[in-house]
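Novice: Residue numbers (my numbering): 6 to 855.
Here it is as structure tokens:
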């Protein structure tokens, strides 16, 4: 038994008593100090938990808004960088294509939640507006409180990198996100001053905020414009230049404060108990010093345990022995994991969380000095789902001896899934699931940097679908999307696992083939792709047929950089299309010169009308019997500043591809009608229509508008149409021709006899006349058979009550022959070549005097 010193005298007893009282006071002061220190640590821990939760909520809010902006930007990229959007919105917007066929129409609101969809012209004027899926007459600058010219400028700059412009604004005082992109046919197109813009407006209303709140576990999420007074936490400020600070607020979940409220009564009770014990200990200090020592030891041990736990912000708490076998699991373990604590106590922590035990021991040994170092791990919850977690750990010691480990586990599954989703969206095409341009660029850079050599080449195949546009026009955008998904599966069925397939937008695909060793291998792969894509596709009750043209380029044979690879593949693709489509063509350096020349021609052509470089010439048409002038055919010429005068054959095909044909056709129609107004009222003018003009549904309105502007009577205008256009969509063409005929204009089939089905067209369509193709006159002078064919055509035309014109008459003999065959009208260089408007007027005067 331990003995205590006993004083020998009253003075010594007094000194001993004073010393004891001093020691007890010091002990009491020290204990009170430690108690308040521990209380302060608890308060600090509670505040830290609240601050961390606030930071976590702010990150979730920003992540949610960024995720929504990303999805809208991808949708905007897909619609804006689409050649169909360019063709149907260049100049006047084709409302039938955009709204009635729902390409950029009512489904934009339920599908993407877009409150506003606008098409804005190059000068900033609104040409097309949808509000909540309904067509409205609204100006974008009047509807959104934003600097629209600055936004369009940002979109124009971003278009060079295939990016869109996005900023925050307000609509009617409600915060919104406005996004804009240039509408262009492909990434090489740089003439932005003639291009329109596609603008999406996403109003962050209560329903959308409620959806974001539910998805990210936020409470009472709301958004508004900051006022003059201070803003209370929690909040996130989204700064704008036009409408002030947009503030996002929500209800704060103060878990630390709730913890403090629940613990404080218990803490007060502990404090009262400590005071009672101190008084009792002071009275019995001399008779129970050993008990006091033990109590002090217990308090220090408790203090150390609490201090270790207070350093770790937890979801659920665990404790183990030195072998990392679980000895304690907090109450939150079961509701958070769906597992039973009793089933896991006594089992290794590594069996529950699947981590390396040696790593935990090493981190726990350095925990206090190294800060919070988490261990990434996984947990199978009670429903068998994998949960991603972080383990925090530290050592638990008593008397310098290691007694075990303790720490917390934080569930980060939601954050990991959100990051994975954002990563997938940023790297994949949302429609087909294929790689997008960003992932393609990274893949090409990696392969070119590490794996490309003469023995291991890299082939890039650029695919563009043939006959895909009529699918969208006929069956709608939804069926077109399903076709694209089926095409994506077909392409993947031809490639190896290490190869990549990417969709660049619209109907453009890229295949990066890493297993092809020679150009012959790449050609065989291209043929496989053509065969697969040519297979019929069953969509609902429709059987759809599409094809593809393919351009092939290789590194290091042709080019060495990924930009050059894609550019070379596009050039080879263009060559494949020019060879008749549905073929694969390997890149050759000579192709670059031709494509550059064509690109320059396209850019010059876009400015030709504005620069007044186009001219009209009129080739007279004569009565076959009297040889009097009865009208003229309008022929356009391009007075190019460098290439001199170009015939229509040199530039009309280019105009048809890039959409300029509509502007040129309007100019030709208007000029031809204005000139005809200065002729005798009996004379008519003939204008050729491009097949491309029938792909838009405003042809009748355009011609009616020109007739109204110029005042020319409809019966004096003849429209010449080539018969091959009627094979595209015969029912739609018949409707358009009938509407044109209802205007009162004359309809003539040009180049008659070059198509096997011409007779069927004459019986089905409302034509007034035919023009026999000049190829029938080439051997008319030397062949009785050709004369019989021409005679049969003329007789057939007359039997159908049609005017018959013979074009290409170049000799006296040809004129005499066709006149003897009783044709109605003749035209050709022998009678009169194309001349300027002034010269044609002189011909008219001479004809009258004659």
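Every residue, glycine too, gets a C-beta built ideally from N, C-alpha and C.
Keep in mind that this is a model prediction, so the values were computed, not measured.
1) Please report whether the beta-carbon of residue 445 lies at a distance below 9 Å from any beta-carbon of chain D.
2) Taking the DSSP output, what are the residues bridged to residue 776?
3) Would you identify the three-state DSSP class for residue 63, choosing helix, strand or coil?
4) In whole angstroms, give me the CA-to-CA distance for residue 739 and residue 628.
5) From this set, 522, 552 and 546, which residue's C-alpha is nearest residue 534's C-alpha?
6) Compute the Euclidean distance between the alpha carbons of residue 370 and residue 398, then round it to the nearest angstrom.
7) Which same chain residues, not among the five before or five after residue 376, have their C-beta less than 8 Å away from its C-beta?
8) Hey, is the region 164-182 in contact with the region 71-87, meaning 3+ C-beta pairs nearer than 8 Å?
9) Going by other Cβ atoms of all chains shown within 10 Å of its Cβ, with 16 needed for buried, is residue 189 buried or exposed?
10) Tell me the rounded alpha-carbon separation between residue 651 and residue 137.
11) Beta strand (DSSP E) containing residue 698: first to last residue?
12) Using the three-state DSSP reduction, which class does residue 154 fall into: helix, strand or coil?
13) So residue 839 packs on residue 623, CB below 8 Å; how close in whole Å?
14) Which residue comes first and which comes last in the beta strand (DSSP E) that contains residue 184?
15) Alpha helix (DSSP H) containing residue 557: first to last residue?
16) At a cut of 8 Å, does the region 809-819 reach the region 774-784 through at least three beta carbon pairs?
17) Going by DSSP, what residues sit across from residue 645 in a beta bridge?
18) Per DSSP, what kind of secondary structure is residue 846 in: helix, strand or coil?
19) Give the secondary structure of residue 482 by DSSP, where H, G and I count as helix, E and B as strand, and everything else as coil.
20) How many Å lie between residue 121 and residue 719 at the Cα?
21) Just to confirm, are residue 566 and residue 453 a CB contact at a threshold of 9 Å?
22) Measuring CB to CB, does residue 125 end up less than 9 Å from residue 149?
23) What is the DSSP secondary structure of residue 90, counted as helix, strand or coil?
24) If we require 3 or more residues per run, which beta strand (DSSP E) segments fall completely within the region 704-746?
25) Determine, using beta-carbon pairs with one atom in the region 376-389 and one in the region 343-352, whether at least three such pairs fall under 8 Å.
26) In chain order, what are the residue ranges of uninterrupted alpha helix (DSSP H) at least 4 long that sit wholly in the region 501-557?
27) Can you name, in chain order, every residue of its own chain whose Cβ lies under 8 Å from the Cβ of residue 456, other than the five neighbours on each side?
28) Using the C-alpha atoms, what's the distance from residue 704 back to residue 99?
29) With 16 other CB atoms within 10 Å as the buried threshold, where does residue 850 fall?
30) Which stretch, first to last residue, makes up the beta strand (DSSP E) that contains residue 588?
31) Could you compute how far the alpha carbon of residue 468 sits from the alpha carbon of residue 419?
32) For residue 525, count the other beta carbons within 10 Å of its own beta carbon; 16 or more makes it buried, fewer makes it exposed. Which is it?
33) How would you label residue 442, buried or exposed, when you count the other beta carbons within 10 angstroms and need 16 or more for buried?
34) Note down, in chain order, each residue of its chain lying with its Cβ closer than 6 Å to the Cβ of residue 484, except the 5 sequence neighbours on either side.
35) By how many angstroms is the C-alpha of residue 489 removed from the C-alpha of residue 512?
36) What is the residue span of the alpha helix (DSSP H) that residue 800 lies within?
Specialist: In short, the structure shows the following:
1) No chain D is present in this structure, which holds just one protein chain.
2) Your numbering for residue 776 matches position 771 in the chain shown. According to DSSP, residue 776 bridges with 810.
3) Within the chain shown, the letter at position 58 stands for residue 63. Looking at residue 63 - three-state DSSP - the assignment turns out to be helix.
4) By 1-based counting over the chain shown, the position of residue 739 is 734. By 1-based counting over the chain shown, the position of residue 628 is 623. A direct Cα-to-Cα measurement between residue 739 and residue 628 gives close to 30 Å.
5) Here residue 534 corresponds to residue number 529 of the chain shown, with the count starting at 1. The residue from 522, 552 and 546 with its alpha-carbon nearest to that of residue 534 is 552.
6) Position 365 of the chain shown, counted from the start, is the residue given in the question as residue 370. Position 393 of the chain shown, counted from the start, is the residue given in the question as residue 398. Rounded to whole angstroms, residue 370 to residue 398 spans 9 Å at the Cα level.
7) Start at 1 with the first residue of the chain shown, and residue 376 comes out as number 371. Residue confidence for residue 376 is low, a pLDDT of 47 falling below 50, so the modelled location carries little weight and cannot support an answer.
8) With the cut-off at 8 Å, the region 164-182 and the region 71-87 touch.
9) To locate residue 189, count along the chain shown from 1; it is residue 184. By the neighbour-count rule (16 or more Cβ atoms within 10 Å), residue 189 is buried.
10) Against the chain shown, residue 651 aligns to sequence position 646. Against the chain shown, residue 137 aligns to sequence position 132. Straight-line Cα distance between these residues: approximately 48 Å.
11) For the purposes of this step, residue 698 is taken as residue 693 along the chain shown, with counting starting at 1. Neither: residue 698 is in no beta strand (DSSP E) and is coded neither H nor E.
12) Here residue 154 refers to the residue found at position 149 when the chain shown is read from its first residue. The DSSP-derived three-state label of residue 154 is helix.
13) Counted from its first residue, the chain shown places residue 839 at position 834. Counted from its first residue, the chain shown places residue 623 at position 618. Sure, about 7 Å apart at Cβ, within 8 Å.
14) Position 179 of the chain shown, counting from 1, holds the residue named residue 184. The continuous beta strand (DSSP E) containing residue 184 extends over residues 179-187.
15) As a first step, residue 557 must be located in the chain shown, where it is residue number 552. Note, residue 557: premise wrong, no alpha helix (DSSP H); beta strand (DSSP E) at 552-560.
16) Contact holds: three or more Cβ-Cβ distances are below 8 Å.
17) Numbered from its first residue, the chain shown carries residue 645 at position 640. Looking at the DSSP assignment, residue 645 forms a beta bridge with 649.
18) By 1-based counting over the chain shown, the position of residue 846 is 841. Residue state, collapsed to three classes: helix.
19) Position 477 of the chain shown holds residue 482. Secondary structure of residue 482 (DSSP, three-state): helix.
20) As a working note, residue 121 is residue 116 in the chain shown. As a working note, residue 719 is residue 714 in the chain shown. Near 41 Å, if we compare the C-alpha coordinates of residue 719 and residue 121.
21) One-based indexing of the chain shown puts residue 566 at position 561. One-based indexing of the chain shown puts residue 453 at position 448. Contact flag set, yes.
22) Residue 125 sits at position 120 when you count from the first residue of the chain shown. Residue 149 sits at position 144 when you count from the first residue of the chain shown. Not a contact, by the Cβ cut-off of 9 Å.
23) Counting from one through the chain shown, the residue named residue 90 turns up at place 85. Three-state result, residue 90: helix.
24) Qualifying beta strand (DSSP E) stretches, in chain order: 722-727.
25) The region 343-352 and the region 376-389 touch, with three or more beta-carbon pairs separated by less than 8 Å.
26) Counting only runs of 4 or more, we get 524-538.
27) The sequence position of residue 456 within the chain shown is 451, counting from 1. Only residues of its own chain outside the window of five on either side were considered, and among them 463 and 519 have a CB closer than 8 Å to the CB of residue 456, listed in chain order.
28) Looking up residue 99 in the chain shown gives position 94. Looking up residue 704 in the chain shown gives position 699. About 11 Å.
29) The residue labelled residue 850 in the question sits at position 845 within the chain shown. Exposed, by the Cβ-count rule.
30) What you label residue 588 is simply residue 583 of the chain shown in a count that begins at 1. Neither: residue 588 is in no beta strand (DSSP E) and is coded neither H nor E.
31) Here the question's residue 468 lines up with position 463 in the chain shown. Here the question's residue 419 lines up with position 414 in the chain shown. Here the C-alpha atom of residue 468 lies approximately 39 Å from the C-alpha atom of residue 419.
32) If you number the chain shown from 1, residue 525 lands on position 520. In summary, residue 525 is exposed, with fewer than 16 beta-carbon neighbours lying within 10 Å of its beta-carbon over all protein chains present.
33) Position 437 of the chain shown, counted from the start, is the residue given in the question as residue 442. Buried is the call here.
34) The residue labelled residue 484 in the question sits at position 479 within the chain shown. Taken in chain order, the residues that qualify are 544.
35) On the chain shown, residue 512 is found 507 positions in, with the first residue counted as 1. On the chain shown, residue 489 is found 484 positions in, with the first residue counted as 1. Residue 512 and residue 489 have their C-alpha atoms spaced approximately 7 Å apart.
36) Taking the first residue of the chain shown as position 1, residue 800 is located at position 795. Residue 800 -> alpha helix (DSSP H) spans 789-804.
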